[in-house]
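Comments concern the structure below.
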Ligand code: NI
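Residue numbers (the working numbering): 340 to 531.
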């Protein structure tokens, strides 16, 4: 992975955190806004979330998933064994996000969740979203995300609202075990 060398140097003090699992009530709570996101506690949490999501081969992780009920998540899309077709982007900290506008068009695509291991869902999401958030340096960012990165953003934003991808399924038939998902993931029509 391209970013690995840099992160080992820059993030020597960070740690891989334990990921909160399905059933823990913190995953159903609405997370609190962060006031002092330039302080060391928040900056260390950002670094540890990045280390943790990369160790787990995830493409995103939210603070409630490491038992911190705060409005912070990481979007870290990159091709990896769990998401071979994910676009490459540097890990990005998203603080106190707001979703400003969404497409009417909904697109179904496959998702997993580090808090719901060994399951995949075929989940409807807005095709694009316009968002505002603060980056880790305190700058306010306005951005439009599309397709897979928009999907990650919506999934992680849901974690801040206490919502899991399981809650977004149109039907229980859209929930697959990882084993069954692997059987169909090479079929072209399912590839998104
Ligand atoms: Ni998740």
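We put the CB at the ideal spot given by N, CA and C, even for glycine.
For clarity, every value in this text was computed on a predicted model and none was experimentally measured.
Check	Outcome
Is any non-hydrogen atom of the ligand NI found closer than 7 Å to the C-beta of residue 454, if you look at the structure I gave you?	yes
I'd like the span of the alpha helix (DSSP H) that includes residue 398, first residue to last.	Segment: none, residue 398 is in no alpha helix (DSSP H) and carries neither H nor E.
Can you list, in chain order, the residues of its chain whose CB lies under 6 Å from that of residue 354, leaving out five sequence neighbours each side?	387
Is residue 494 near the ligand ZN, going by C-beta to nearest heavy atom under 7 Å?	Among the ligands modelled here, namely the ligand NI, the ligand ZN does not occur.
Would residue 406 be called buried (16 or more neighbouring beta carbons within 10 Å of its own) or exposed?	exposed
Does the separation of the CB atoms of residue 487 and residue 468 fall below 8 Å?	no
What are the residues that DSSP puts in a beta bridge with residue 472?	480
Any heavy atom of the ligand NI closer than 7 Å to the Cβ of residue 396?	no
Exposed or buried, which one is residue 495 when buried takes at least 16 other CB atoms within 10 Å?	buried
Take residue 359 as the anchor and find which of 503, 515, 424 has the nearest alpha-carbon.	503
Rounded to a whole number of angstroms, what is the C-alpha to C-alpha distance between residue 413 and residue 396?	13 Å
Would you mind reading off the limits of the alpha helix (DSSP H) that contains residue 410?	Looking at the DSSP string, residue 410 is not in any alpha helix (DSSP H), and its letter there is neither H nor E.
Sort 482, 437, 375 by Cα distance to residue 497 and report the nearest one.	437
Return the chain-ordered list of same chain residues with a C-beta closer than 6 Å to the C-beta of residue 440, the five sequence neighbours on each side being excluded.	469
Considering Cα atoms alone, identify which of 474, 408, 462, 476 is closest to residue 515.	462
Taking Cβ positions, are residue 410 and residue 356 nearer each other than 8 Å?	no
Mark residue 370 as exposed unless 16 or more other C-beta atoms lie within 10 angstroms of its C-beta, in which case mark it buried.	buried
In angstroms, rounded to a whole number, what distance separates the CA positions of residue 479 and residue 372?	15 Å
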